[in-house]
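For the sequence shown, the working numbering begins at 0 and goes up steadily by one.
Quick reminder that beta carbons are idealized off the backbone N, C-alpha and C, glycines included.
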Amino acid sequence: MAPVLTPYSNDGLFSVQLDRILPYAKYLSSTGIDAVLVNGTSGEGMSMTVNERKAVAEAWVTARKETNQIIMVQVGGACLKDVQELAAHAESLGSDALLCLPELFNKPQTVDELVRYLKYVAQAAPKTPLLYYHIPSYTGVNVNMPQFLATAACDIPTFAGAKYTHNNLEEATQCLEVKNGTLGFFLGCDHVLAGAFALGCDSAIATSLNMFPSPSIKILAAMRNNLPTEALQEQRKLSDAIRVITHNGSWVSTMKAAMSVMTPIDVGPPRPPLTPLSDEHTQELKKDLAALQLL
Numbered sequence: 000m001a002p003v004l005t006p007y008s009n010d011g012l013f014s015v016q017l018d019r020i021l022p023y024a025k026y027l028s029s030t031g032i033d034a035v036l037v038n039g040t041s042g043e044g045m046s047m048t049v050n051e052r053k054a055v056a057e058a059w060v061t062a063r064k065e066t067n068q069i070i071m072v073q074v075g076g077a078c079l080k081d082v083q084e085l086a087a088h089a090e091s092l093g094s095d096a097l098l099c100l101p102e103l104f105n106k107p108q109t110v111d112e113l114v115r116y117l118k119y120v121a122q123a124a125p126k127t128p129l130l131y132y133h134i135p136s137y138t139g140v141n142v143n144m145p146q147f148l149a150t151a152a153c154d155i156p157t158f159a160g161a162k163y164t165h166n167n168l169e170e171a172t173q174c175l176e177v178k179n180g181t182l183g184f185f186l187g188c189d190h191v192l193a194g195a196f197a198l199g200c201d202s203a204i205a206t207s208l209n210m211f212p213s214p215s216i217k218i219l220a221a222m223r224n225n226l227p228t229e230a231l232q233e234q235r236k237l238s239d240a241i242r243v244i245t246h247n248g249s250w251v252s253t254m255k256a257a258m259s260v261m262t263p264i265d266v267g268p269p270r271p272p273l274t275p276l277s278d279e280h281t282q283e284l285k286k287d288l289a290a291l292q293l294l
């Protein structure tokens, strides 16, 4: 599943460019990506208004009529009432699943606080599977995840799993065992795909799938075919590319630059306070990607 980037205008106004979403969806489909996460970290969902987030979700659901892609919508990162409104809206569109960040200011401190919060979100969309977005490097919320998953699965009727953006593979392995492994569990860390797949993970939501999906797809195929050496080779290619891309900026800023450089889809700059790559750094990126034979 690719966490899609939100296209903004290049005129300094950072307006959402909805007309770029259908070509974007078709491009991803042509590269073998049949599922997308909308309004996540890479999509800068937390930097958009509620109406913008709704419009972006609507555009991806409309594009699905031509691509048949699975749609997961990230609804968290706002006040609870807005999160509930976004959840209800995503359900009304027929989204396949919801993903939700924790409250980002009054942060949940315990498993019970986090489960209670997600209960309120789930009540707004009672027919749609709900997953939790665990990304402690951004949110600062780092509860015991196996315990959280077990509690949420018991207490929230629609709870379906998590996106786990962390490199703690010991904890990830424990998460895979919760509820006899029936919960959805998406790894969100591109750097450790091979290790996670070796330990039993079989799903990922990785930003690099937007612009160069081949290594990740090959890693999973190699592990399924019991070819760990091939998986490691592909992981090294992927990690080298990510190192080159993120060398001169933040994750979202550099990934947006890479998307515009490596594909026919122009996703524009990031929205402030994130800053776009300078022209100098963009040229350096092109040179380094060419050296890795990615251009």
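Just to check my reading of the structure: residue i and residue j have Cβ atoms closer than 8 Å, yes? What is that Cβ distance to the nearest angstrom?
i: LEU98; j: TYR137; result: Going by Cβ atoms, the distance from LEU98 to TYR137 rounds to 14 Å, so no, they are not a contact pair.
i: VAL55; j: VAL15; result: 6 Å
i: PRO214; j: LEU237; result: 4 Å
i: PRO145; j: GLN122; result: Not confirmed; about 25 Å, so no contact.
i: GLN68; j: ALA24; result: 6 Å
i: VAL3; j: ASN209; result: 7 Å
i: LYS162; j: ILE204; result: 5 Å
i: GLN234; j: LEU175; result: That pair is no contact at about 19 Å.
i: ALA256; j: PRO272; result: Between PRO272 and ALA256 the Cβ distance is about 17 Å, and since that is not below 8 Å, they are no contact.
Using the C-alpha atoms, what's the distance from residue j back to residue i?
i: VAL60; j: MET71; result: 10 Å
i: VAL251; j: MET47; result: 14 Å
i: PRO135; j: GLY187; result: 12 Å
i: ALA151; j: THR253; result: 35 Å
i: ARG270; j: PHE13; result: 6 Å
i: LEU117; j: LEU92; result: 20 Å
i: THR281; j: ASP265; result: 14 Å
i: PRO22; j: ALA62; result: 9 Å
i: GLU170; j: LEU226; result: 24 Å
i: PRO156; j: LEU113; result: 15 Å
i: ASP33; j: ILE20; result: 15 Å
Under the three-state reduction of DSSP, which class applies to residue i: helix, strand or coil?
i: GLN122; result: helix
i: CYS200; result: coil
i: LYS106; result: coil
i: HIS133; result: strand
i: MET47; result: coil
i: GLN83; result: helix
i: VAL260; result: helix
i: ALA34; result: strand
i: VAL266; result: coil
i: PRO22; result: helix
i: VAL15; result: strand
i: PRO214; result: helix
i: PRO227; result: helix
Taking the Cβ atom as the reference point for each residue, do residue i and residue j lie within a distance shorter than 8 Å?
i: PRO373; j: TYR26; result: With the chain covering only 0 through 294, there is no way to say anything about residue 373.
i: MET301; j: VAL37; result: Residue coverage of the chain in this structure runs from 0 to 294, which leaves residue 301 outside it and unanswerable.
i: LEU219; j: PHE196; result: yes
i: THR5; j: GLU65; result: no
i: GLY39; j: GLN83; result: no
i: LEU182; j: GLY199; result: no
i: LEU168; j: ASP239; result: no
i: SER202; j: ASP189; result: no
i: LEU293; j: MET258; result: no
Complete alpha helix (DSSP H) runs within the segment 126 to 196 (minimum length 4 residues, chain order): 135 to 138, 144 to 154 and 168 to 175
Every unbroken alpha helix (DSSP H) within the segment 56 to 101, with a cutoff of 4 residues, ordered by chain: Every unbroken stretch of the alpha helix (DSSP H) spanning 4 or more residues and falling wholly within the segment 56 to 101 is given here in chain order: 79 to 92.
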